[in-house]
Every structure is written in structure tokens, then in C-alpha cells.
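Once you know that position 331 of the sequence shown is 634 in the numbering used here, the rest is easy, because the numbers rise by one and skip nothing.
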Amino acid sequence: MRLKKADRLRLATLVTIGVCATVVVTMLSLLILVDHFATGYAKQQAYERLQQLSWQMRDSLDRGITRVIDQTRVVADLNTVRDANNPDEIRQIFDNLQNKFTNYAWIGLTDPSGVVYAATGGLLQGVNVSERPWFKNGQQQLFTGDYHPALLLEKKLPEIEGNWRFVDVSLPVKRSNGEYRGVLGVHLSWEWARGVADALLIPADRQYQVEVLVVRDDGMIILGPDYLQETKINTSSLGLARSGKVGAVSEKWPDGRRYLTGYSQTGVNSTDSSLKWSVLIRQPEEIALATFHDLQQQILMVGGGIGLLLAIVAVGLTRRLAKPLDDLSAAIMLQNEDGMIDTIPILDGYHEVHLLSMTLADMVARERQHVIHLRSLNENLEHLVLERTSEIEQKAKALEDSLAQQIMIQQRLQDSEAELRATLQNANDAFIAMDQDGVIVDWNDQAERLLGWTRNEALGQKALGTMIPSNLLDGFQRGMYGFPNAEKSKVINRRVEVTAVRRDGVEFPVELALAAVPLQQGYRFIAFLHDITERQLQQASLKAMALRDALTDLPNRRALMQKLPESMARTKRIGKPMAVFFLDLDGFKGVNDGYGHEAGDELLRTLAQRIVGVVRATDTVARLAGDEFVVVLEMINGNADALEVAEKILQAIQQPFALTAATLTLSGSIGIVMYRPDDVTNPDQLITLADGAMYAAKKMGKNRAVVV
């Protein structure tokens, strides 16, 4: 007999429709999300790459100009250039420099009237260049001239591809006696900038039409593709670069194409006179994003293929999963003559179907065996009594085993107690046990060595009176006997550093860990003591090192800011003024750049010794940072005393410094601020005022002291 099937959709059909719909929606959503985020990521990557190239080009140009300025200064400071009366000697120096740095198109020295006295290759010697901008602007200070065409040298220099274009650097030259000699001028060939741009772009960048443009302040392109050379532009990226910003934008250029353009500006971070050029790195937008568009098409194709494949797999998998259920349904519909289900097959398709088929088969089997189970009830009852008797015997045996285990645990506790006592006796820290009245009940060997009393002498004694100094005794008694309010105690269940006393009366620092152990009646106090004398000595040594300058062994800024309030307090108490000097070397950066930081460090150590040798032993000399020093003079009569000491320091600085690398002569600038007993200035304000006075001294010509 068969049960009638209902006219309903099959499970396989429903699951197939649902899985296919889920796959389609999931793939579409995934493709949309990937396309959205990939677009932004691709453009951001292109922006960052162009912006990075712009930074690298900007930094290369800045370093190049700075290098030329530094080398020009070094040449101007050479004794031969300053004092030689033979132009051939000077020209030889210039020719050597030009041979070493081929981008120097021309180097020349004029006399005070503007006539070229010596030059590379003898070019323009004897020619009056007094009307040239590099001469006019370089008579008083360092001058950097912007990109310009060659005038006097165009036909005298070797022929090159294109025309000669220069960037000028000039500065005044003085003889050793301070007399004005003339102007040193350097014409840097613009081929230098082209070389920087060529080195910046790798072949892959050129293949993908990445272009470097350097734009002068008037909008003229001074470096770029040949068809844009020396033409003017006005783009959004140029405006952003001129405002000092850095970044990248997408914009439309005059040729009608859209470009991704990275932008920055030179000379922003330079301390010397520098040139403001806008650096633009551009790439056609369709080329910059070409890789992304290819990837987008591949994603669409692969996504569609994966979606179709998943749909096919889902249909096949659904039919495979539904087949065991169909077989089980067919088996349930078959009944025998008794109206019972005949047999339920055990299916091994997957866990749920297997479990369901086993459950149904078990139900059918149990129904058949129900009568057999009733008949065998008496037999099972007797068997059950035997099982219960066996269980009781097993529990009795388990109880005996438990009692034996309890005895074993007690023995282990006794062994652990013996081990603990041996551990305490041989511990590295002193161990002291006291009852709730403070009487010592245990005392290990380390306590004997640390405090000097033997165990027999210590037992039965009051612990606080034995090891705590009398002046601290009251505080410890309050801390201990305030127990059981241990949370309010300052010593119970805490690690504290205290002073202990040995049997011979010597006091020493220890770290004390004191705990209270509750007993059935009262408490027991457990104390561990550790000698921390060596640790405190190390901490004191480290604190002293933190207040010293590692290079000069003078007090550092932290030490100065600790001593300065003390000096101010003494000034108010004694009633005599105090002076604070802020000293800075003139031209110290040139020492580091010209001879290396080792020479600079050697000079600073020598300078520190000279300053200390000038002032009194009671005065304070500190190094803040670099070549900045602070001197504090206490108990002086007024400005005259401060200026007298400052003059001695300046004279000491002017003495030649015989360094390992060279012998140098420098000067210094000193700012002085006076502090009087009725002043309300704080230490930070004193340092700031002295610093400002030092800068005022530099502006007034350096090598002097200014009092505010």
C-alpha cells in the first residue's frame, strides 16, 4: 500500500531556486563593492606615486641649491681666495672646483668695483660685471639668482644642445683683516636640474608618460618637455604648490587632456636664501588608471564566470543533498499488512539524513520489541538487583580508597610544611614571623646574617624594638596594630621601603613585605626583608647621570631648570642681582658641514672648558643643546659685572680652536638678562628673554653681548 503524494514543490526545487538567487545577489553585490573600492584605491595609489615623485624632485633641487651655497661659502672662506694677489692662484682653485663639479658653468671673483679679477678658464677676466644682478645683490649678503639665460657667457662657453641657462649664487668676500675684497659668483648650469629629473624617472615612468615640470614664480616652465619649455601656465596644481601645500589633483591642462598632477614647492624648509620653484609631476589620467580599467574588465569577466560556475555547482549540490530525503520519504510511504512501516533504510548521505534515518528505524524497531521487553521484565529485574549490589560494593571500595588518599594528603602536607620550613631557612631574604602582639616566633638564617641576632636571641623578643629605629617605631606600631583593618594600614599587605637597624646600631635601607595570616585565634604576621642599599646607590648614580650632558659633562637642561629656581631664591634672600647668559656660536653649522660632526663635538668640549675656566667656581655653566650654553652668575653688582664676564667669554671663544681636523677661529653671541630681588620672572621666562637677547646680538653683527 502506498501513501498518496501531495501536490507540492519538491525540496530540491525550492533549495535550487534559493541558492541560485543568493549566488546572483552575492556576486552582483561583491562586483559593485570591488569596483567601487578599487576605483578609489587605484586613483589614490596614482596620487601617492606622483606626490612622492614631486617630493623627491623638490628635495633633490633643495639639496642641490644648498650644496652649491655651502661650497660657495667654503670657497669664499679659503685664505687663497681672500688674500691672494695673483689671479692665477685663485683661478687654479676655481678650475679644480669646476673639474670636480662639472655643473658649475662659470666661477669668478670680482674686485670691489665689479671687474672680474679671476675666473674659470680666464673667461670674462677684466670684464666689468657691476650691472649684473648677481654682483649687485651679492655685495652685502648671500644671493641666489633665479633661472635666466646666459648673456656675457653664451658665446664663450662650449656649445651644448639648446641654450645655456644658469642659476646664480653669489656672496661678498672679505680679506683676513676684514677689508671688503669683492663678490664671488657661481653660475650653476641648468643641465644640473635636467640631470636630477632624468635620474628621478625610471624607464617605466617614461614609458607611461610621466613628466617632470619645474615652474618659476612667474608661471614660466623652466624644466619640462621641449614643447612646453619656457612657456607659461596657470593650473590648479600650480596655485596649490605656490601656497606651500603638497599633494596631487586631477585637472584639465591647456592641451585639453586630463592629467593626475603631484605638486610641491622648493625652498619651504630651507634656512638659507633659496629659490621658490613649483615642482609638478603629471601623467595622463587615462594612462595612470589604465591598469585599473583592465583589472575592472577582468573582475567583471571572472566574477561572471565564478557566479555561473557557483550556480551550476549549487544546482548539482542541491539535487545531491535532496536525494536522500526523497528516498527516505518513499520508504515512509510503504506500509505492510499490519499497517506498520515495513523497514527504514539507514542512509549514509550526510549527518542529518543519517541521524534521521537511524531515529526512524530505531522507533520502528522499538515498537516491534515492546512486547518482548515486557516479557523479559522479571529477568531484567533480577539482573538489576545484581547490578545495584555490585554498585554498592564499588562505592564502599571507593570510600576506602578516599580515606587512604586523605591519609596520603595529610602526609604530603606534613612533607610540604617541612619543605617550606627548609625553603624559608635558606631564602635569600630575611624571614621573620610574629604573633599578633609583635613577638618573634620564627627567624631564618638570612635574618641572622642581615640583622645580627641569632635565632635563639631573637625568638620571644618584640620585633619592632629589635629591627626598627626608635624614631620610626611609633609609625610602624600604628600600621601593624591597626589590623584587622588591613585596608587602612600603610604597611600590611604592601611592599614598602623602610630603614632597619642592625644589632651594632647601623641603620640601612630595606624593602619590607609584611602580610597578616588569619589563624583560628588571632593573626600571625609574616615579614620578608631585603637589603636595598646597592639598589639605592645605583638609583642615585643614574639620577646624577640624567642631570649631566654626555658630550661636555656640564649640567644639562634638566639640571639647569632645577638649579635656576634655587639661584633665584638665593638672589631674593641675599638681595644682590643675578645674570643669566644665553650663548650661541656664530657659524657652528659650517664646522659640522665642513669638517664633520666629530670636529663639531670636539669644538663643543673645548668651548665648555673655556667657559668654565672664565667664570667662578660658584657660577653655573650648562649646555642646552647643540652650540647653545647658559651661564648663571650669582651675587654680582649690576650690568657692568655681567658685561665684563661676557667680554672675557667672547675673548676666550675668539682664541683659535686647534681641532684634530683643522684649526678654526669662531666668535659667539651672548644674550644677557638680569634678575633682581624684586623681579617676578619665572625660570622659563628668564631663559626665553636671554635667548631673545642673543638673537638681538646676532642681528647687531654677532661677536657681542646684549643685555635686556
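For glycine and all other residues, C-beta sits at the position ideal for the given N, C-alpha and C.
Going by DSSP in three states, Y998 sits in which element: helix, strand or coil?
On the sequence shown, residue 998 is found 695 positions in, with the first residue counted as 1. If DSSP states are grouped into helix, strand and coil, Y998 belongs with the helices.
Is the beta carbon of L364 less than 8 Å from the beta carbon of V489?
Counting from 1 along the sequence shown, the entry for residue 364 is found at position 61. Counting from 1 along the sequence shown, the entry for residue 489 is found at position 186. If you check the CB distance, L364 and V489 do not come in under 8 Å.
Closest to A453 by C-alpha separation, out of S492, T447, G481, I877, would be which residue?
Here residue 453 refers to the residue found at position 150 when the sequence shown is read from its first residue. The shortest C-alpha separation from A453 is found at S492.
Identified DSSP bridge partners for P821
On the sequence shown, position 518 is the one that residue 821 refers to. Answer is Y826, bridged to P821.
Would you give the residue range spanned by the beta strand (DSSP E) that G974 belongs to?
The residue labelled residue 974 in the question sits at position 671 within the sequence shown. First-last of the beta strand (DSSP E) with G974: 970–978.
Could you tell me the alpha carbon to alpha carbon distance between V430 and N440, rounded to whole angstroms?
Numbered from 1 along the sequence shown, position 127 holds the residue referred to as residue 430. Numbered from 1 along the sequence shown, position 137 holds the residue referred to as residue 440. When rounded, the distance between both Cα atoms is 18 Å.
Can you check whether the CB of S567 is closer than 8 Å to the CB of A591?
Reading the sequence shown from its first residue, position 288 is the one you call residue 591. Reading the sequence shown from its first residue, position 264 is the one you call residue 567. In this structure, S567 does not lie closer than 8 Å to A591 by Cβ.
Residue interval of the alpha helix (DSSP H) (run including L864):
What you label residue 864 is simply residue 561 of the sequence shown in a count that begins at 1. Looking at the sequence itself, residue 864 is Met, so the reference to Leu does not match. Where M864 is concerned, the enclosing alpha helix (DSSP H) stretches over 860–877.
What is the rounded straight-line gap between the Cα of G916 and the Cα of A928?
Here the question's residue 916 lines up with position 613 in the sequence shown. Here the question's residue 928 lines up with position 625 in the sequence shown. Each residue's alpha carbon lies about 20 Å from the other.
Any contact of the segment 723–739 with the segment 695–707, i.e. 3+ C-beta pairs under 8 Å?
no
Given a cut-off of 8 Å on the beta-carbon distance, is the pair R827 and L754 in contact?
For the purposes of this step, residue 827 is taken as the residue at position 524 of the sequence shown. For the purposes of this step, residue 754 is taken as the residue at position 451 of the sequence shown. Against a cut-off of 8 Å, the Cβ pair of L754 and R827 comes out as no contact.
Is N683 helix, strand or coil when you go by DSSP?
Along the sequence shown, one-based indexing puts residue 683 at 380. Reduced to three states, the DSSP call for N683 is helix.
Can you give the Cα-Cα distance for G550 and R519, rounded to whole angstroms?
Here residue 550 is taken as the residue at index 247 of the sequence shown, counted from 1. Here residue 519 is taken as the residue at index 216 of the sequence shown, counted from 1. Roughly 19 Å separates the two Cα atoms.
Pick helix, strand or coil for T538, following the three-state DSSP scheme.
For the purposes of this step, residue 538 is taken as residue 235 along the sequence shown, with counting starting at 1. Three-state result, T538: coil.
Within its chain, find whatever has a CB closer than 8 Å to the CB of V418; leave out the 5 residues flanking it on each side and keep chain order.
The residue given as residue 418 occupies position 115 in the sequence shown. Excluding positions up to five away in sequence, the list reads G429, V430, N431, V432, S433.
Does the beta-carbon of T646 have 16 or more other beta-carbons within 10 angstroms, so that it is buried, or is it exposed?
Your numbering for residue 646 matches position 343 in the sequence shown. Of the other Cβ atoms in all chains shown, fewer than 16 fall within 10 Å of the Cβ of T646; this residue is therefore exposed.
Just mark V674 as buried or exposed, buried being the case when its beta carbon has 16 or more other beta carbons within 10 Å.
Here residue 674 corresponds to residue number 371 of the sequence shown, with the count starting at 1. With a pLDDT of 47 at V674, under the threshold of 50, the modelled position of that residue is not reliable, and no figure is offered here.
One or two residues paired with Y566 in a DSSP bridge:
By 1-based counting over the sequence shown, the position of residue 566 is 263. Paired residue(s): G550, L583.
One question on the structure: do A902 and T963 come within less than 8 Å of each other, judged by their Cβ atoms?
Start at 1 with the first residue of the sequence shown, and residue 902 comes out as number 599. Start at 1 with the first residue of the sequence shown, and residue 963 comes out as number 660. Result yes, Cβ atoms of A902 and T963 sit closer than 8 Å.
Considering just the uninterrupted stretch of the alpha helix (DSSP H) at W495, what are its terminal residues?
Looking up residue 495 in the sequence shown gives position 192. 494–503 is the span of the alpha helix (DSSP H), which, as asked, contains W495.
Beta-carbon gap between V1009 and L989 smaller than 8 Å
Indexing the sequence shown from 1 puts residue 1009 at position 706. Indexing the sequence shown from 1 puts residue 989 at position 686. Their beta carbons are not under 8 Å apart, which means V1009 does not touch L989 by this criterion.
Mind checking E937: buried by the 16 CB within 10 Å criterion, or exposed?
As a first step, residue 937 must be located in the sequence shown, where it is residue number 634. Looking at its Cβ environment, which holds 16 or more other Cβ atoms inside 10 Å, E937 is buried.
Sorted by chain position, which residues of the same chain lie with C-beta nearer than 8 Å to A789's C-beta, five sequence neighbours on each side aside?
Here residue 789 refers to the residue found at position 486 of the sequence shown. With a pLDDT of 44 at A789, under the threshold of 50, the predicted position of this residue should be treated as unreliable, and no value is reported.
For R851, collect the residues of the same chain with a Cβ closer than 8 Å to its Cβ; drop the 5 residues on either side in sequence, then sort them by chain order.
Counting from 1 along the sequence shown, the entry for residue 851 is found at position 548. Contacts found: L857, P858, N859, A862.
Based on the DSSP output, what are the partners of K477 in its beta bridges?
Within the sequence shown, numbered from 1, the residue matching residue 477 stands at position 174. DSSP lists Y483 as partners of K477.
Have a look at the DSSP bridge pairing and note the partners of V933.
Working through the sequence shown from its first residue, we reach residue 933 at position 630. V933 pairs with F885, A925.
Check the C-beta distance from F960 over to L906 and give it rounded, since I have them as a contact under 8 Å.
Indexing the sequence shown from 1 puts residue 960 at position 657. Indexing the sequence shown from 1 puts residue 906 at position 603. F960 to L906, Cβ: 5 Å. Contact.
Please go through the same chain and pick out, in chain order, the residues whose beta-carbon is closer than 7 Å to the beta-carbon of D944, but skip the five residues on each side of it.
As a first step, residue 944 is located in the sequence shown; it is residue number 641 there, counting from the start. So no residue of the chain qualifies.
With DSSP collapsed to three states, give me the class of G448.
Locating residue 448 in the sequence shown gives position 145, counting from the first residue. Strand at G448.
DSSP beta-bridge partners for D740?
Looking up residue 740 in the sequence shown gives position 437. For D740, no pairing in a beta bridge is given by DSSP.
Could you please give me the residues that DSSP links to D353 through a beta bridge?
Residue numbering aside, residue 353 sits at position 50 when the sequence shown is read from its first letter. Here the sequence assigns Leu to residue 353, which means Asp is not the residue at that position. None; L353 has no bridge partner.
Contact set for I524: own chain, Cβ-Cβ below 8 Å, skip 5 residues either direction
Locating residue 524 in the sequence shown gives position 221, where the first residue counts as 1. Cβ neighbours of I524 beyond the five flanking positions: L516, V517, V518, L531, Q532, E533, T534, K535, I536.
Cβ shell of G367 (< 7 Å), same chain only, five flanking positions each side left out:
If you number the sequence shown from 1, residue 367 lands on position 64. W495, V499.
With burial defined as no fewer than 16 other Cβ atoms inside 10 Å of the residue's Cβ, what is the status of V983: buried or exposed?
In the sequence shown, the residue the question calls residue 983 occupies position 680. Using a 10 angstroms sphere on the CB of V983, the tally of other CB atoms stays under 16, which defines it as exposed.
Burial state of S679, where buried means 16 or more other Cβ atoms lie within 10 Å
The sequence position of residue 679 within the sequence shown is 376, counting from 1. Here S679 is exposed. Its C-beta has fewer than 16 other C-beta atoms within 10 Å.
If you reduce the DSSP assignment to three classes, tell me which class E810 lands in.
Mapped onto the sequence shown, residue 810 falls at position 507. In the structure shown, E810 sits in a strand (DSSP, three-state: E or B).
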